[in-house]
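There are 6 protein chains.
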Amino acid sequence: MSKEFYIADAQVDASFTDNFMVKSISLRVDSKGKQYLDIGLGDRSGEISGKKWDVTEDEAAQLGRLREGDLVKVRGLVTEWNGTKQLRIFKIRKADPEADGLDISDYVKAAPESGAAMFELIRSKAESVGDPELRAMALCFLDENRERLLYYPGAMRNHHAEMAGLLYHIERMLLMGEKACEVYSFLRRDWVVTGVILHDMEKLNEIESNAYGVSPGYSFEGKLLGHIAQGVKAIELMAQKLKISEEKKIMLEHMILSHHYEPEFGSPVRPMFAEAEMLHYLDMIDAKLYDFEDSLSLVAPGEFTERVRTLDNRMLYKPSFADGPAGEEKA
Amino acid sequence: MSKEFYIADAQVDASFTDNFMVKSISLRVDSKGKQYLDIGLGDRSGEISGKKWDVTEDEAAQLGRLREGDLVKVRGLVTEWNGTKQLRIFKIRKADPEADGLDISDYVKAAPESGAAMFELIRSKAESVGDPELRAMALCFLDENRERLLYYPGAMRNHHAEMAGLLYHIERMLLMGEKACEVYSFLRRDWVVTGVILHDMEKLNEIESNAYGVSPGYSFEGKLLGHIAQGVKAIELMAQKLKISEEKKIMLEHMILSHHYEPEFGSPVRPMFAEAEMLHYLDMIDAKLYDFEDSLSLVAPGEFTERVRTLDNRMLYKPSFADGPAGEEKA
Amino acid sequence: MSKEFYIADAQVDASFTDNFMVKSISLRVDSKGKQYLDIGLGDRSGEISGKKWDVTEDEAAQLGRLREGDLVKVRGLVTEWNGTKQLRIFKIRKADPEADGLDISDYVKAAPESGAAMFELIRSKAESVGDPELRAMALCFLDENRERLLYYPGAMRNHHAEMAGLLYHIERMLLMGEKACEVYSFLRRDWVVTGVILHDMEKLNEIESNAYGVSPGYSFEGKLLGHIAQGVKAIELMAQKLKISEEKKIMLEHMILSHHYEPEFGSPVRPMFAEAEMLHYLDMIDAKLYDFEDSLSLVAPGEFTERVRTLDNRMLYKPSFADGPAGEEKA
Amino acid sequence: MSKEFYIADAQVDASFTDNFMVKSISLRVDSKGKQYLDIGLGDRSGEISGKKWDVTEDEAAQLGRLREGDLVKVRGLVTEWNGTKQLRIFKIRKADPEADGLDISDYVKAAPESGAAMFELIRSKAESVGDPELRAMALCFLDENRERLLYYPGAMRNHHAEMAGLLYHIERMLLMGEKACEVYSFLRRDWVVTGVILHDMEKLNEIESNAYGVSPGYSFEGKLLGHIAQGVKAIELMAQKLKISEEKKIMLEHMILSHHYEPEFGSPVRPMFAEAEMLHYLDMIDAKLYDFEDSLSLVAPGEFTERVRTLDNRMLYKPSFADGPAGEEKA
Amino acid sequence: MSKEFYIADAQVDASFTDNFMVKSISLRVDSKGKQYLDIGLGDRSGEISGKKWDVTEDEAAQLGRLREGDLVKVRGLVTEWNGTKQLRIFKIRKADPEADGLDISDYVKAAPESGAAMFELIRSKAESVGDPELRAMALCFLDENRERLLYYPGAMRNHHAEMAGLLYHIERMLLMGEKACEVYSFLRRDWVVTGVILHDMEKLNEIESNAYGVSPGYSFEGKLLGHIAQGVKAIELMAQKLKISEEKKIMLEHMILSHHYEPEFGSPVRPMFAEAEMLHYLDMIDAKLYDFEDSLSLVAPGEFTERVRTLDNRMLYKPSFADGPAGEEKA
Amino acid sequence: MSKEFYIADAQVDASFTDNFMVKSISLRVDSKGKQYLDIGLGDRSGEISGKKWDVTEDEAAQLGRLREGDLVKVRGLVTEWNGTKQLRIFKIRKADPEADGLDISDYVKAAPESGAAMFELIRSKAESVGDPELRAMALCFLDENRERLLYYPGAMRNHHAEMAGLLYHIERMLLMGEKACEVYSFLRRDWVVTGVILHDMEKLNEIESNAYGVSPGYSFEGKLLGHIAQGVKAIELMAQKLKISEEKKIMLEHMILSHHYEPEFGSPVRPMFAEAEMLHYLDMIDAKLYDFEDSLSLVAPGEFTERVRTLDNRMLYKPSFADGPAGEEKA
């Protein structure tokens, strides 16, 4: 059964019967002493909270077996409470993905290209790096982390928080970065390519992720250090293993340390050579445009979005003559 | 005679005989009552101050005829005072550019491409804009201001303060912008191209400039309003003349109004659609990389620059293995 | 019937029967499947939210015909939910203003003077401007916008968000401004008067308003540009029509552009002549004192107000010996 | 002899013979071992530094008797060093004010009205205060400090740093404040008048001053506490002496404590009642307009001033049609 | 009966019967017209909100007699609403502390040492001050305020908001301060000791407190002035009474005025002598470490706390090997 | 010969004959074509610039052999130029430390205790650490770097820029830190001691230093990374070598990463456990009090210092009754 009802399109008072992924689940007792189900449901378009009232003991036993990540089939109604939509659930049961013919990609947010394809493209760029030391660094990172890169998100929330989001982030930065090396011909392509590939390498250890690119949160090390400080350490260790020369090692560490640019975003130093400067802007552009595309995909031509938290609470505008391009194809 | 001694390369205690452009000039009386010449000299590599002591009445009469912009032939010595280099002048006379076979481009800082060539490239991009309203706006601006664009600098000081610097700024932003439209396919190319061409249009009226792209300062209107507010007005007037539809006119005004992004840099609003966001980053990249290239051209491989004011007082690093690209070719 | 129960005076557990203006309205289904009415009600003293439970099909049909701006007669009870007062509605019907003898001014917040009287006063000040160019600008604005000025609010929320609030704002600034010209005799009265009259002229196009001075929100242009950038454009167009000289036109544009003073409040430049500086302080005083009077009118002598959002979350104090002046008469 | 050459009007290369007040003086030995005089000279229009070279032993003995505050007669030449004007002195001797018929007011910057006249005006306002407690406070301050008020400046540098500048500051604030009480009729005039009179009362003990209103610097207490904290203490002591009721005493202390508004300007709390708010703006207006008038008096119509440090480094503009009012009469 | 169920340990769905202190109480009518009890309950570990539904008229009469500060015996269930725990109350009655054998210290948060013991320690330090003027100041403050110091909290909320919290704050600062005088031997111990004892003296008049160290809020004077400005006044008055010399009086006032260090935290000046600087850091250390200990006492080894508001929203970490010290003993 | 004339005590117009260390040296040609010596001289009290005019060819040959770090004997005169003291040199020759009986400690600023003694004290603290992993880390750092620690400064400029300044910084922080562990008994002493010893470990590689603790500047790595990022790497490598457990390794890295507290001072994260918080304040106290002692040592009782750059441009006060302690003994 192919999915028809997507959370992002839910209208108040609409009835539906469709499948979702369980994001959180708990059985509670209401103020009158009756049991009810409080459940978080998701699909590739978003997440929503739902409630099923007056749960019987039998139901409770069944519901108690549901786990985060399970797919469930739900019949319900879209309601609204204090301006927030939620679902009133009449019926809910565990789905059987195979028997029901469900496609996992309907239930998980993912980059528009496959992880494997993006990995190959990025790896070929790494191979094209002329400087043997930089090439060795880029390939070492890619090859040692291939498995996780295929599904890792680029963030826990915010931009690129999706399956294979980290590769998608790297790929688009590489494409823009190569062009920059043409226009600004004094830029050294080897450094731009290697810097882009390595800049977020420790996202793999800063945030945790399941195999669908959904991150439950930060790791212990991520909380105490953050991916920038972790990245500097990681370059140091890899460089020692690969016997990289001192100057290049420190320059790579500097690229990672400086790529957030502002102290309050985690970079204690600012870029000191042109490729490090470029790296920062490639990162910014990809992050910002991701958020624009994502947010604008939710509104109709001629309308404004809600305030977008990651874009300084701006309301974004989709022109009345938008007839396709601006994120339309995402729906 | 081709120029051999450039200001940027002056070494303390070096003697020289070469030509320069007069940047400022005055005859003064020293504390012992003797006349001396206090003169500012420039060439395409920079500027320096010079003094000629014990000026006789005859000399004074001759020197009194020199004007800013004149070329002069000077014999002198490089000295240093409180850490700043200056010239001790032994002999100075007005040069005769034709007789002496001087090339004006040795004396004025200029973009690396000719204004005319850049203008043609940019104009062809404007012609390729599909939307007739946007195309009309871009072409109208270019065609009405062709003459001044051929030499106008992009700033009074700072990045692109050079002959035809404004066109050079637009050109490189266009090249990067077109690539961005490929990588981020939801961007509308018409808007990126038109936005780039128009974003700094009122620099033409905010700062003044002579025919060599040297700006003596801000205009009256530039001081009271600034090129962003001026640009919004200019779009309004041009749009009325060309009968541009309301929504598109306001969107273009918004692009200009928001392209500095931060209130403290002159933008009261932040970009609200993706092409306006992209415009900002194209502008930033071109400005920053200009400064990197410019500053790094002054140091040798393995060295750091002085602190660069326009880059938050950073010291920049030129790698020891830099053997060409990084700005070297500018000398 | 004259209104007796005002929202600002509502006490928890009080019963009432009185008329209100509908501010928002919707019929919803509660979590048990029953219909209920969720309605926003207002009068000149404030706004409050109300609910009527268990709406029958017949009632629903009637309620479905109510519109924002209608007056309704309500019987209900004041309750409290999480520290916020709301109304439990037992009975509600559309009122018949004429038959019921209702005075519209009881239901809408309005400036304490009539729009027409304020308009005349302000227009007479415009006529007294000696400089013919400035006089023409001030009169042109007033005469072309007379109709809307009679009811337009000065803001969507915050200070002067009331019927004819914009005129009230201008009027009080003019009175203070004229005095300032006596005390600081080097101020040019023509510029202060004209600046005050024009400074917020584009509020008329930045925010929308119904005929009672209630604003549903910002216009498209207001969102993308804001009244300051719009004002600069408007001066430009009006000045071209009236053939105002260049210097004066730019000075007027500068007054508008700089009157918010701080970049983060929308002014990219600060005032550069004394009348522009004065304009800013006249604006600030009128805005702040409006908020003081408004907030203090809600508390008794010897008490503090709640934190006032528009006054940096200050709590304001009404002295124990306040026996009249401080806003008392507003109740 | 009436003074003809004023420092503010000094042109490079001009010769002059006129009188000045000594601001600082010292005899030094130059790098060749010869004595020279290094002297600071002032008049009511400004200050300048001067040098007399090759001082003989006889001259040195005479010059050694000069003191700050003395008037001297000087023959010299205006020169320029690194963009700063200074005087080359040929001849200098102590002046005899009586014999030479000098008017002290030519040598000291002073408010445009006499201290005595301003004091009377202000005292009459204090007497008109209706509340007996506030009236007692205002009169006590004025009467106990009459002597010093007649000449005290309002600041060490910056606005109102002139003879009787503190009274001038209070006077103009009172005039504006009374008008404000008419326009904003809920303001209590007693509080505005008393607050204005007392708000800077401890300037008298924060800065030091000679009898010409020239301040050599901050007092010990001024450095460690500042006039705001000192003012709170002073109100406390005066209120205890005059048996002022608790609430009014604390409200007066709050007015002083909050009148700089921003923590970074010395006010840990912001105004909490309307008269305290008004006090802040009256203070700001008088300070800012003083600086506008003062700075604009130095330039010709159609010109910009230098950057004014106390006005956020703005350059101010004097309109081309300024033909009198704007500070012209100060020259 | 000794208390067994503490609020900080409440688990959702747990049943309990235990005593609490009433923090707030009100009877309300729900949206269906039935009465219910809305009550705030506390013990030494924290506070929580509770509700009892369907209150009868008889119950209402009884509940109406409960007052804040009363101890009550409650039978109930821990529930959760929107992520916040609350209590569903089945039965509630006023407790009889004596008959029920309740220990008041179970219901109120208090410093770990007795007020009397801390007072004696602090007083002995004051007596050991060598300078007679400083000693007189310190002893005067302690002796005149002994009664209130024994129970006064150090704050309304935040650090040291507990019975005798102010003395606890002073005591620990003194212990650290004395050590500092050994390590940094140029510090004058008399000034450090006296400064610590007096620095928060006006907390006694800035916030209000009942005899258990629970503060209902700020005083009138506290709101309008704050304990720093109040402290400067208090030193002035005490110094006049004790005839303290001018320099020392002003230095003590400066210590109080500067001890918050930053303008935005209430200090218009920064410390100007070493003992004032040290005072600031002693204050900071004690405040911060109090919050660390307090927050970490709520989590198990190897876990992070919630975000702590008073520590810039940090999440704190308790090491997995923590087996005692780190706040464990507080539970 | 023991030194009698110290730079910090130089009075204008004083003659002297004494020894100094050469800090910088160059021979220049003046504007009249004559050679002169431009030399920087230092002793343990400070630095000053000197000039010798009219250098003959013979002298030039001799002077050309002087190097930075050499001791020279000078006869000269203290002069002043633009408010800055400098030396006019009449005679200068290279000194012979042994023959002249010079004590190197007179010429170099150094900590008041010997490096060896401080090292032993610190090492004994490291040995007393109970946790074997932490102990191993602390000892490893000390033992591997003993030689350089004996003379390394704590900074290039600012606090602890003196011979053995880094050890002095660590020692005093340890003394305060141990006391803190008594007062705040939940602090783990092992972590405070180890954290203090390691927190600035990479100052050894961030700045360069000669054997007298004089730093010529930052290293390449210091410029690109800074001692905080370098320290995180260094802990990682040392921890791998010593097989430290994961949690403890990351906690140590976190202590280093967070010890500057504010992003703008280089710490991207803030302390997350109590010992890391304490480390920050120990660091601050030692830095600030160093600056207080240092600055106050230059003024007499009852005077203020100049503005101190490293203390937010404060002027510091030395009480009139200071009769010893406050830095006096340094002169």
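Protein chains in written order, with the numbering used here: chain F, 1 to 331; chain W, 332 to 662; chain R, 663 to 993; chain B, 994 to 1324; chain X, 1325 to 1655; chain G, 1656 to 1986.
The C-beta atom is built at its ideal place from N, Cα and C for all residues, glycine as well.
Can you give me the C-alpha to C-alpha distance between residue i and residue j, rounded to a whole angstrom?
i	j	result
E660 of chain W	S628 of chain W	Here the model assigns E660 of chain W a pLDDT of 34, short of 50, so the residue's position is not dependable, and the following value carries that caveat. Whole-angstrom Cα-Cα distance: 8 Å.
P1980 of chain G	M1602 of chain X	Because P1980 of chain G sits at a pLDDT of 37, beneath the cut-off of 50, its placement in the model cannot be relied upon, and the following sentence gives the value as read from the coordinates. Cα to Cα, the separation comes out at about 15 Å.
M1596 of chain X	V1963 of chain G	11 Å
G1039 of chain B	D1063 of chain B	16 Å
Y367 of chain W	S346 of chain W	20 Å
A117 of chain F	F1329 of chain X	58 Å
E1948 of chain G	G1519 of chain X	19 Å
M569 of chain W	S1313 of chain B	29 Å
R1497 of chain X	L224 of chain F	The residue asked about is misnamed: residue 1497 of chain X is Met in this sequence, not Arg. One C-alpha to the other measures close to 29 Å.
D1967 of chain G	E1299 of chain B	28 Å
L1581 of chain X	V1176 of chain B	38 Å
L1235 of chain B	R1181 of chain B	21 Å
Just to confirm, are residue i and residue j a CB contact at a threshold of 8 Å?
i	j	result
G562 of chain W	Y483 of chain W	no
H565 of chain W	A495 of chain W	It is worth fixing the name first, because residue 565 of chain W is Ala in this sequence and not His. Cβ distance not < 8 Å, so A565 of chain W and A495 of chain W don't count as in contact.
L150 of chain F	K203 of chain F	no
I1574 of chain X	F1213 of chain B	yes
Y1492 of chain X	I1940 of chain G	no
Which residue from the options puts its Cα closest to that of residue i?
i	options	result
R750 of chain R	R:R737, R:A938, R:G816 and R:M799	R:R737
V1292 of chain B	B:D1284, B:T1303 and B:L1309	B:L1309
G621 of chain W	W:L505, W:E567, W:G526 and W:A492	Sequence check: residue 621 of chain W is Tyr here, not Gly. Per the Cα distances, W:A492.
E1650 of chain G	G:T1734, G:M1792, G:F1745 and G:E1775	Because chain G in this structure spans residues 1656 to 1986, residue 1650 of chain G falls outside the shown range and cannot be described.
K365 of chain W	W:K572, W:A391, W:S626 and W:V343	W:A391
A1553 of chain X	X:M1525, X:G1541, X:K1572 and X:A1535	X:M1525
S1779 of chain G	G:S1769, G:E1768, G:K1707 and G:L1794	G:L1794
P1294 of chain B	B:A1315, B:D1276 and B:K1281	B:A1315
The stretch 1581–1599 of chain X touching the stretch 1444–1459 of chain X, judged by at least three CB pairs closer than 8 Å: Result no; under three Cβ-Cβ pairs closer than 8 Å.
Short-range partners of chain X found in the stretch 711–723 of chain R, where Cβ spacing is below 8 Å: Of all residues in the stretch 711–723 of chain R, K713 and W715 have a Cβ within less than 8 Å of some Cβ in chain X.
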